[in-house]
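J.:
Residue numbers (the numbering used here), protein chains in the order written: chain A, -4 to 347; chain B, -4 to 347; chain C, -4 to 347.
(1) In chain C, which residues lie less than 8 Å from residue 191(A) when you measure between Cβ atoms?
(2) Look at residue 168(A) and residue 155(B) and say whether their C-beta atoms are less than 9 Å apart.
(3) Would a C-beta distance cut-off of 9 Å place residue 12(C) and residue 64(C) closer than the cut-off?
(4) Along chain C, in chain order, which residues have C-beta atoms closer than 8 Å to that of residue 168(B)?
(5) Which full runs of the beta strand (DSSP E) of 3+ residues lie inside the region 151 to 238 of chain B, going along the chain?
(6) CB residue 287(B) to CB residue 263(B), shorter than 9 Å?
(7) What residues in the region 237 to 253 of chain B have a beta carbon less than 7 Å from any beta carbon of chain A?
(8) Taking 8 Å as the cut-off, does the region 149 to 166 of chain B touch the region 27 to 46 of chain A (at least 3 CB pairs, one atom from each stretch)?
(9) Any idea what DSSP makes of residue 68(A), helix, strand or coil?
(10) Is the separation between the beta-carbon of residue 192(B) and that of residue 209(B) shorter than 9 Å?
(11) Cutting at 6 Å between CB atoms, please list the residues of its own chain near residue 202(B), excluding the five before and the five after it.
(12) In or out: residue 312(A) buried (at least 16 other Cβ within 10 Å) or exposed?
(13) How is the beta strand (DSSP E) around residue 81(B) delimited, first residue to last?
(14) Check whether chain C comes within 9 Å of residue 36(A), counting only Cβ atoms and requiring the distance to be less than that.
(15) Of all Cβ atoms in chain B, is any one closer than 9 Å to the Cβ of residue 325(C)?
(16) Under a three-way DSSP split, which group does residue 261(C) fall into?
(17) What does the alpha-carbon distance come out to for the pair residue 85(C) and residue 217(A)?
(18) Say whether chain B places a C-beta atom closer than 9 Å to the C-beta of residue 306(A).
(19) Could one say the Cβ of residue 132(A) lies closer than 9 Å to chain B's Cβ atoms, at least one of them?
(20) Return helix, strand or coil for residue 312(A), following the three-state DSSP convention.
(21) Taking residue 35(B) as part of the beta strand (DSSP E), name the residues at either end of that continuous run.
(22) Does the pairing of the region 48 to 59 of chain A with the region 16 to 28 of chain A give three or more beta-carbon distances under 8 Å?
(23) If the cut-off is 7 Å on Cβ atoms, which residues from the region 257 to 273 of chain A count as contacting chain C, listed in chain order?
(24) Measuring alpha carbon to alpha carbon, tell me which of 267(A), 189(A), 79(A) and 58(A) ends up nearest residue 246(A).
(25) Use the C-beta contact count for residue 271(C): other C-beta atoms within 10 angstroms, 16 or more gives buried, fewer gives exposed.
(26) Under the rule that 16 or more other beta-carbon atoms within 10 Å means buried, what is residue 75(B), buried or exposed?
(27) Let me know the alpha helix (DSSP H) ranges lying completely inside the region 90 to 143 of chain A, each 4 residues or longer, listed in chain order.
(28) Just to confirm my understanding: we take residue 275(B), look at its own chain, exclude 5 residues before and 5 after, and list those with CB closer than 7 Å. What are they?
(29) Please state whether DSSP places residue 245(B) in a helix, a strand or coil.
(30) With a cut-off of 8 Å on the beta carbons, I'd call residue 206(A) and residue 235(A) a contact; round off their distance for me.
(31) Can you list, in chain order, the residues of its chain whose CB lies under 6 Å from that of residue 172(B), leaving out five sequence neighbours each side?
(32) For the beta strand (DSSP E) that residue 55(C) lies in, which residues bound it at each end?
(33) Please identify, using Cβ separations under 8 Å, the residues of the region 312 to 323 of chain C that lie next to chain A, in order along the chain.
(34) Tell me where the beta strand (DSSP E) around residue 9(B) begins and ends.
(35) Between residue 0(A) and chain B, is there a C-beta pair that is closer than 9 Å?
(36) Put residue 329(A) into one of helix, strand or coil per three-state DSSP.
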C-alpha cells in the first residue's frame, strides 16, 4: 500500500491540493486514470485531458500546476518524478539466488553466492559473475567474461569471451556483445582473408543495451561503451567504436568501425555513422540521417527526407538527377542577364 | 499421392485441358518444372516461359488461360490458388505432444495436454500455453505470458512476462516480444533515468512475426499488433505502437514509440516511422522512406532516393546543399525578367 | 614463443633491419606498441606514428618501407600480412570433441566423431555434422540440415530444417539461417494468406555470417550465398536472393526477394536492395544507398545524403519539395531569354 505522501517523497515532489494519506493503487495516463490512481503530464499534447481526469493526483511542472486546479504532485522535472513514481509500482519479482539445475557452469567460473544463473545458461571457464548479478534464462557467457555487480541479462543474451560489463548493466534479450568485428583483407585474387579480432569489449556502469543489439569486439584494442550510455533495440556497433558517457541511441542505428561518438549525444532511429570519424559531445542527429564526416560542434544535424505522395516524389527525384544541370543552366541565365543589363546590380544574391 | 482434381478443389480452381486423375508430384517454377509437376504464373515476367513449360498443368488467371493452350488450373486469384496448392506439398512434420525432458517448465505454468514444449525451453511461472501450441527448441516464455491456441514459436524465440499472443500466431527464430521500451528521463546533469515499462504486448490472431524482429512492451498501456498483421524479419516496433489489422511490413522497418499504423497498410523494407503520429488505413510506403508526420489519406508515399553513379551523385549532393541558394537566385532572376519585360506574362508558372 | 623470422615466413614478408631471432610477444597499434611487439601500417592516417613507434618491427608496404628507417617486415600487401601475423597471436582455444551432456541430439542425427556439440544445443533428426565442426552453446539445428567440415557456429545460432552450410563456414551469435521467406498472397478481403516456403538455403564454403543476421529460405528453390561471401551483422537476406562469390556486405544491409548480387561486390552499411533485380559483378554501393533497378556495369554507386546542420537541412528539404516547380520556372525563364535575345546562343548548356 503506497500513499501519496510516500510517492511525493520518492519522486521529490510537493503535494498541492491533495491528502498525503490517500492510498494510490497504480499509475495511468490522464485519460484512462481511475480514482485512486496517479497520473502525470509530461507532453503538451496530453494537456487537454488534464481538467477531466479522474486521477487522485497528477504529477505536474510548477507552470502546469499554476494553470490547473487538479490535485497535484508538483515537480521541477515531471518526467523524472514520473519515472520514480512508476518504479514504485513495478511488480515485485521474486529474488533468486544460486544456479538453476539446468544451467551449465564451468568449474573454473566464479559465481557470487547471491547471483542467479537461470535455466539453460552456459557459463564458460574463467567467467566472473559478481554480487547480485541476474543471468536470465538461456544466456551464454564466454570464457573469462566479467559481469559487474548488479548487472542483469534478461534472457537469450550472448556475452562473448573476455568481454567486460560494468555494474548495473541491463541487457535485453537477443543482444550479442563481443562478436567478431568485420575485419577483412583483400588478396590479389579478390578473396577475403579474415583479420583476427583480438580486442574485447568494455561496457561501463549503468549502460542499457536493447533487444537484438550487436556490439563487436575490437580488432586489437577494445570497443568501448562508456558509463550511462543507453542503446535501444537492433543497434549495430562495429569494432573499435567508442560511445561517450550518457549518450542515447535510438533503434536501428548503425555505427561503422572506429567511429567515436561524444558524450551526451542523441542519435535518432536508423541513423548511420561512417567509420573512422569523430562526433563531438552534445551532438544530436535526427532519424535516418547519414554522417560521413566528423562533426566538431554540438548542435542538431539532419539528412533525412520525409515522404511525399509517390507521384510527386517521382517527379522530384527525376529532377534531382538533373540538379547539377539545373545549377549550370541557372548560372548561364545569370550570366546572360548580367551581360544584358549591366546597369542592374548582379542577380546572384547570397543573403538569407 | 495428390491428383490434379484434388489440387483444383483445394485451390478453388477450374481444370482446363487436363485430366483430374493426373498424379502430381510437386510444385516448380515454369522454367524448371518436370512432367508430373504443377506450376503457376503470378508475375508477368515469367510469361515467356509459359509456352515451353513441361509442367503437367499451370495455375493461370482467366486472362492468361484464354491466351494460352497449356493445361491449366484457372483461378480468379492465381497467387492465392498457388499458396493453397503449395500447402499441399509441404513436407508433413511429425506431430509432437508433451514436454521435452530437457525443457524446464515452472510448476505453476499451465500447458495444454496436446501442446509441445521443445528441448531447452524455459517456461516461467503462471504461463498459459493453450491447445495445439508448438514451442520449438530453446525458447523462453516469461512469467504469466499467454500463448493462444495453435500458436507456433519456431525456435530461440523470447516472449517476455505478461505478453499475450492470440491464436495461430507464427513467430520465427530470434524474435523478441515484450522487451522493455526505450523510456528515459533526462535529469539536470544530463544523465538518463530509466522509466519503468509497466505495460505489455498484445498480439492478435493470425499474426506472423519474422526472424530477429523485436516488439517492445508498452510504458503503461500495451503495444498492440492487431489480427492478421504480417511482420518480416528484423523489424523494430517501439513501445505503445499500434499496428492495424492485416497490415504487412517488410524487413528492417523501424517504428518509433506511440506511432499508430492503420489497417491494410503496406510498408516497404527499411521504412522509418517517427513517434506519436498516425497513419491512415490503406497507406503504402515505399522502401527506405521516412515518415515524420501523420498521413491522413490512403495512397502511396515515398522519400527513398535511388542510386546514381557515385561521381554524378557527389555533384548532385554538392548542389543539393546549395538548393536554398539556387531557389533564391532563381527568384531573383524572375524579378529582373518580370521588371524588364512588363509586357510579358509573369514567368512563374505553377501548372503541371 | 614466436620469432620475427617465423612471423615473416607466415606472413610472406621480408625482414628489413631487424633480427629474425627476436622474440615477439604480441601485436599492437603503432602508437601503443611496446618493445617486443609487432605493429603495422595499413592506413595512411597512422603514418605520423611510424617514426616514434616502440614496436620491435612494423609491417610495411615496399613504398612505406623505403621512406622509413624503422625495423620492418616488408610485404606487398601489408593488410594480408598483418592478418596472417595476427592469426599467430590468437589465444589457443581448447579443442573439444564430442557432445556436451546438456545437449540434445536426435538419435537419427549423424555427428562426426571429432565434431563438438556444445551445451544446450538442440540437434534435430537427420542432421549431418561433418568432421571438425564446432557447434557452440545453445544452438539449434533443424531437421536434415547439413554442416560442412570445419564449420563453426559460435553460439545461439539457429539453422533451420534442410539448410546446407558448406565447409569452414563461420556463423556468429544470434544469426538465423533458413527462416521462412515473407511470401504472402492477398485475398479479395485484403487478408494475407501465407505462401508456403518450400525451398532451402545453400551456403557456400568459407562464408562468414555476422551476429543477428537473417537469411530466409527460398519459396520453391534455394536462397544461395556463394563461396567466400562475407556478411556483417544484422543483414537481412530475403527468399531466393543469390549473392555471388567473394562479395562483402557491411552491417544492416537489407536485400529484398529474388535479387541477385554479383561476384566481388561490396555493399556499404545500411544499403537497401529492391527485389527481382540484378547487380553485376564488381559493383560497389556506398552506405545507406537504395538500389531500385538492375545495375549492369561495375563501378561505384551512391544515393546516401550526408548530414547538414538541421536548420539548413530544413530549408533544403522544403525547397526539394518544390524542385519540380523550380525546374519548370527555370525552363520558363530560358524560353523568355531565348525569345528576347535571339542573337544570343541558346542558354541551355548541357556540357559538363
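In this text, a Cβ means the ideal position worked out from N, Cα and C, and glycines have one as well.
All of these numbers come straight from a predicted model, not from anything done at the bench.
T.: Checking against the coordinates, here is how it stands:
(1) 78, 81, 82, 84 and 85
(2) yes
(3) yes
(4) 135, 153, 155, 171 and 174
(5) 171 to 174, 179 to 181, 187 to 189, 196 to 198, 209 to 211 and 218 to 220
(6) no
(7) 249 and 251
(8) no
(9) strand
(10) no
(11) 164, 220 and 224
(12) buried
(13) Taken as a continuous stretch (DSSP letters only), residue 81(B) belongs to no beta strand (DSSP E), being part of the alpha helix (DSSP H) at 73 to 83.
(14) no
(15) yes
(16) strand
(17) 15 Å
(18) yes
(19) yes
(20) helix
(21) 32 to 35
(22) yes
(23) 267 and 269
(24) 267(A)
(25) exposed
(26) buried
(27) none
(28) 257, 290, 291, 292 and 293
(29) coil
(30) That pair is no contact at about 24 Å.
(31) 154, 158, 196 and 210
(32) 52 to 55
(33) 312, 315, 316, 318, 319, 321 and 322
(34) 9 to 11
(35) no
(36) helix
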